[in-house]
Amino acid sequence: MFNAIFDMLSYPFMQRALAVGILVSLCAALLGVSLVLRRYSMIGDGLSHVGFGALAIAAVANLAPLKVAIPVVVIAAFFLLRLSEDSRLKGDSAIAVISTSALAFGVLILSVGGGVNTDVYNYMFGSIYAMSEDDVVLSLSLSFIVLVLFILFYNRIFSVTFDETFARAGGIRVNAYTMLTAVLTAITIVLGMRMMGAMLISALIIFPALTAMRVFKTFRAVTIAAALIAIVSFAVGITLSYLFDAPGGATVVLVNLGAMLLFSCIGAIGKRK
Amino acid sequence: MAQIQCTDLSFTYDGVTVAEGINFTLKKGDYLCIVGENGSGKSTLVRGLLGLKAPAAGTITFGDGLFARGIGYLPQQTHLQKDFPASVREVVLSGCIGRFGNGLFYTKKEKQLAAYHMEKMGISDLAGRCYRELSGGQQQRVRLARALCATGELLLLDEPTAGLDPIVSRELYAMIEHLNKTEGITVVMVSHDTGAPFYAASHVLHLKHSQLFFGTREDYLASEAGKSFLGGLSDV
Ligand SMILES: Nc1ncnc2c1ncn2[C@@H]1O[C@H](COP(=O)(O)OP(=O)(O)OP(=O)(O)O)[C@@H](O)[C@H]1O
Ligand SMILES: [Mg+2]
Numbered sequence: 103m104f105n106a107i108f109d110m111l112s113y114p115f116m117q118r119a120l121a122v123g124i125l126v127s128l129c130a131a132l133l134g135v136s137l138v139l140r141r142y143s144m145i146g147d148g149l150s151h152v153g154f155g156a157l158a159i160a161a162v163a164n165l166a167p168l169k170v171a172i173p174v175v176v177i178a179a180f181f182l183l184r185l186s187e188d189s190r191l192k193g194d195s196a197i198a199v200i201s202t203s204a205l206a207f208g209v210l211i212l213s214v215g216g217g218v219n220t221d222v223y224n225y226m227f228g229s230i231y232a233m234s235e236d237d238v239v240l241s242l243s244l245s246f247i248v249l250v251l252f253i254l255f256y257n258r259i260f261s262v263t264f265d266e267t268f269a270r271a272g273g274i275r276v277n278a279y280t281m282l283t284a285v286l287t288a289i290t291i292v293l294g295m296r297m298m299g300a301m302l303i304s305a306l307i308i309f310p311a312l313t314a315m316r317v318f319k320t321f322r323a324v325t326i327a328a329a330l331i332a333i334v335s336f337a338v339g340i341t342l343s344y345l346f347d348a349p350g351g352a353t354v355v356l357v358n359l360g361a362m363l364l365f366s367c368i369g370a371i372g373k374r375k
Numbered sequence: 018m019a020q021i022q023c024t025d026l027s028f029t030y031d032g033v034t035v036a037e038g039i040n041f042t043l044k045k046g047d048y049l050c051i052v053g054e055n056g057s058g059k060s061t062l063v064r065g066l067l068g069l070k071a072p073a074a075g076t077i078t079f080g081d082g083l084f085a086r087g088i089g090y091l092p093q094q095t096h097l098q099k100d101f102p103a104s105v106r107e108v109v110l111s112g113c114i115g116r117f118g119n120g121l122f123y124t125k126k127e128k129q130l131a132a133y134h135m136e137k138m139g140i141s142d143l144a145g146r147c148y149r150e151l152s153g154g155q156q157q158r159v160r161l162a163r164a165l166c167a168t169g170e171l172l173l174l175d176e177p178t179a180g181l182d183p184i185v186s187r188e189l190y191a192m193i194e195h196l197n198k199t200e201g202i203t204v205v206m207v208s209h210d211t212g213a214p215f216y217a218a219s220h221v222l223h224l225k226h227s228q229l230f231f232g233t234r235e236d237y238l239a240s241e242a243g244k245s246f247l248g249g250l251s252d253v
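Just so you know, the sequences run in chain order A and B. Residue numbering for the first sequence follows the numbering used here, starting at 103 and increasing by one per position. Residue numbering for the second sequence follows the numbering used here, starting at 18 and increasing by one per position.
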C-alpha cells in the first residue's frame, strides 16, 4: 500500500490535485466557519451552481475557464448576499431559484454547444485530472491571501460572526467584511469545483465547520480544528480514490461525512461524562 | 455639560415615520428608562443613538468625552448565538473591538480590562466555559461584561431581562443600578418592567410614535402619561 501511495505521489497530475485540493480545503474550511455560523452556508451551494453555468459558457465559447468563472461568481456572490440580507425577500428560496436556474442554463449550453456528456459529468462531479500548473499557482496565492487576511482580521471576524449589531456599534464595517468573505468564498469555489464538482464543492465549506463544532466549544478551537479536519479529510479522500479508482470529489465528501460521524460520537461521549 | 442631547429627532422606515418629536438631554450619571408599548419606536431610538440608524430629521449630540463607539450596548439575544461555539473569555474580550482603531490584536491592557469586568460580574470562574452552555442569566452577565469593556461612560440596554426569571432579572437590575450609582455610568434602558428599573431611574422617556413625556421620574409619576401607563399595567 505504501508503494501505491509513493506511486501516486510521483504522478504530476496527482501532485497538482493534492496541492490545489489541500489549499482549497483549508481556505474553504476557514471561510466556512464564519459562513456556517452566520447561516450563510446556502450561499456556497448557490455560488457553485453559478460557477457551473459560467464554466459551461467558457467551455462552449472556448475561453479560459477561470477567466470567465471567477468574475461571474464574484458578481453572483455580491448579489446573493444582498438577497439574503434583504429581510423582505425569502433569502434561501431566492438562492435556490438562482442556483437551479444557473445549473439548468449550464446543462443546456453544454448540450447545445457540443453535446459532450463527459464535460457535463466532469463539471458536475469533478475530475482530479483537471488541475493545471496555473491552478496550482492561483491556489497558492489565494490560500496565502485567505490565511493572512484571516489571521490579521481574526478578532474582527469573531466579532462580526458572533454579534453583527454589536460589531457595527463598535465601528466595524460589517458589510465590508461580509463582502470580503463572499469574494474569497467565490474564488475558493471556482478553484475547487473542477476537481470536486459543482454538486459537491460546497461540502468543503460546510462539513469541516460542523464537524469541529461537534467537539470543540471555543471559536479558536473550532477554527483550528476545522482547518485540520479539512486538510486531513481531503488527503485521505483523494488517496482512497486513487487506491480504489473511485471518483475523487465523492470520496472526499464521504470521508468528510465519516469525520463528522466520528466527531459526533466523540462529542456525545464527552457530554455524558 | 450634557452627555447626550437629542433635538427634534425623528425616524422613518421606507418613508413611514415611526417615532418623532424626540427631545431629551442626559447628564453623566443619569439613569433613563424608556417606556412605551410594542412598536412605539424604542428600539429604533436605541439604534439611532448607536449610530446604526440615521435619523430622518433632528440631531444627536454627544458631549463629555462620549462618542457613539464608546457606548456599551446590550442587545437582544439573536437566534444565532444560541448554538455558537465561543468561550466566555472570547465573548467578553470582543467588547474591546470598538477600542481597536486601526489595531488588529487585543493588547495586554484590553485583556486585563476583560478580566476585570468578568471579575466584577462574578463570572471569572466561567471564563473558559462555552457561552452557549450557560443559563440565560449567566449569558446576560457575560453580555453585560462585554458591554462594560466597550465603555466607561454609557450603557445602553434594550429589554435586558427578556426571557429571564424574576429573581435573575432583579439581580441584573441591581447590578446595573450599582454600576450607575457607584461608578457614575450613565444608563439608558428600554424596559416594559414597571418594577426595579423604573424605581432606579432618574428620568423617564415615554414614547408612543411621538414623545409623550420626558422628565424626571417624580414628574412622570404625577403626569397624565405616567398615571395612565402605570395604572394600565397594574390592572394586568
Ligand atoms: N427594519 C424595519 N423595517 C421596517 N419597519 C420597521 C423596522 N424595524 C422596526 N420597524 C417598525 O418601526 C416601528 C417601531 O419599531 P421598534 O422596534 O422601534 O419598536 P419598539 O418600541 O422597540 O417595540 P417593542 O416593545 O416590541 O420592542 C414598528 O412599527 C416597526 O414595525
Ligand atoms: Mg424593541
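Just so you know, even glycine gets a beta-carbon here, dropped at the ideal spot from N, CA and C. Since we're looking at a predicted model, the values are computed, not measured.
Residue-chain proximity (residue i, chain E), Cβ-Cβ < 8 Å
i: A:T313; result: In summary, chain E is missing from the structure at hand, where the protein chains are A and B.
Closer than 7 Å: residue i CB and nearest ligand 1 heavy atom
i: B:T233; result: no
Residue i CB to nearest heavy atom of ligand 2 below 7 Å
i: B:D175; result: yes
i: B:K70; result: no
i: A:K319; result: no
i: B:V207; result: yes
Best match in the options for proximity to residue i [C-alpha to C-alpha]
i: A:D237; options: A:I326, A:A131 and A:A166; result: A:A166
i: B:R146; options: B:D236, B:S104, B:A239 and B:T199; result: B:S104
i: A:K176; options: A:S241, A:A156, A:S195 and A:A161; result: One point to set straight first is that residue 176 of chain A is Val, not Lys, in the sequence displayed. The shortest Cα separation from A:V176 among A:S241, A:A156, A:S195 and A:A161 belongs to A:A156.
i: A:I289; options: A:A130, A:F104, A:M315 and A:Q117; result: A:A130
i: B:R223; options: B:G58, B:S111, B:D25 and B:E127; result: In the sequence as displayed, the identity of residue 223 of chain B is His instead of Arg. B:H223 has its Cα closest to that of B:G58, out of B:G58, B:S111, B:D25 and B:E127.
i: B:D31; options: B:K70, B:C50 and B:L43; result: B:K70
i: A:E266; options: A:I253, A:F255 and A:T280; result: A:T280
i: A:L244; options: A:H151, A:T325, A:L293 and A:K169; result: A:L293
i: A:F180; options: A:M295, A:M315, A:N277 and A:I331; result: A:N277
i: B:A162; options: B:A242, B:N55 and B:Q129; result: B:Q129
i: A:S127; options: A:G372, A:G369 and A:I333; result: A:I333
i: A:H151; options: A:A370, A:F227 and A:G339; result: A:F227
i: B:G89; options: B:A217, B:L171 and B:S240; result: B:L171
i: B:Q2; options: B:V109, B:Y123 and B:G120; result: Residue 2 of chain B is absent from the structure shown; chain B starts at 18 and stops at 253.
i: A:M362; options: A:K319, A:R322 and A:I308; result: A:I308
i: B:F117; options: A:R296, A:T202 and A:F255; result: A:F255
Interface partners of residue i on chain B, CB under 8 Å
i: A:K169; result: Within chain B, no residue comes near A:K169; the closest Cβ sits about 34 Å away, beyond 8 Å.
i: A:I307; result: Under the 8 Å cutoff, chain B gives no residues; its nearest Cβ is about 17 Å from A:I307.
i: A:V324; result: P102
i: A:G165; result: Here the sequence assigns Leu to residue 165 of chain A, which means Gly is not the residue at that position. None at all; the shortest Cβ gap to chain B is about 40 Å.
Sequence-distant residues of its chain with Cβ nearer than 8 Å to residue i (five each side left out)
i: A:T341; result: I107 and M110
i: B:V253; result: Reliability of the predicted coordinates at B:V253 is poor, the pLDDT of 36 falling under 50, and the value obtained from them is presented with this limitation in mind. Result list for B:V253: empty, nothing under 8 Å.
i: B:H226; result: T34, V35, A36, E37, S57 and G58
Within chain B, partners of residue i - CB distance below 7 Å
i: A:S261; result: S111 and I114
i: A:A269; result: I114
i: A:L254; result: L121
Chain-ordered neighbours of residue i on chain A, where CB pairs are closer than 9 Å
i: B:C23; result: Result: empty, since nearest Cβ-Cβ is about 17 Å, beyond 9 Å.
i: B:Y8; result: Nothing can be reported for residue 8 of chain B, as the shown portion of chain B is limited to 18 through 253.
i: B:A167; result: F268, A271 and G272
i: B:P177; result: Residues of chain A passing the Cβ test: none, with the nearest at roughly 14 Å.
i: B:P92; result: D265, T267, F268 and A271
Residues that residue i contacts on chain B, provided the C-beta gap is smaller than 9 Å
i: A:I274; result: I114, G115 and F117
Chain-order list of residues whose beta-carbon lies under 6 Å from that of residue i (same chain, five-residue window excluded)
i: A:V355; result: L302 and A305
i: A:A158; result: G208, I211 and L212
i: B:I39; result: C23, L26 and Q228
i: A:F365; result: T313, R316 and V317
i: B:N197; result: Y48 and V204
i: A:I371; result: none
i: B:S251; result: For B:S251, the predicted structure reports a pLDDT of 46, less than 50, and the residue's modelled location is therefore unreliable. A value from the coordinates is still provided. Result list for B:S251: empty, nothing under 6 Å.
Within chain A, the residues that residue i reaches when beta carbons sit closer than 8 Å
i: B:V108; result: F264
i: B:P72; result: The contacting residues do not exist; B:P72 stays about 16 Å from chain A at best.
i: B:L69; result: T267, R270 and A271
i: B:C50; result: Result: empty, since nearest Cβ-Cβ is about 21 Å, beyond 8 Å.
DSSP state of residue i mapped onto helix, strand, coil
i: B:E37; result: strand
i: B:K70; result: coil
i: A:F255; result: coil
i: B:Q228; result: strand
i: B:D25; result: strand
i: B:I88; result: strand
i: B:D175; result: strand
Residues near residue i in its chain [Cβ-Cβ closer than 7 Å; skip 5 each side]
i: A:L345; result: A106
i: A:R258; result: I274 and Y279
i: A:V135; result: A311, V324, T325 and A328
i: A:A269; result: S261, V262 and V276
Partners in chain A for residue i, counting only beta-carbon separations shorter than 7 Å
i: B:I88; result: A271
#### Entry: Residues with C-beta closer than 6 Å to any heavy atom of ligand 4, in chain order
This structure lacks ligand 4; its bound ligands are ligand 1 and ligand 2.
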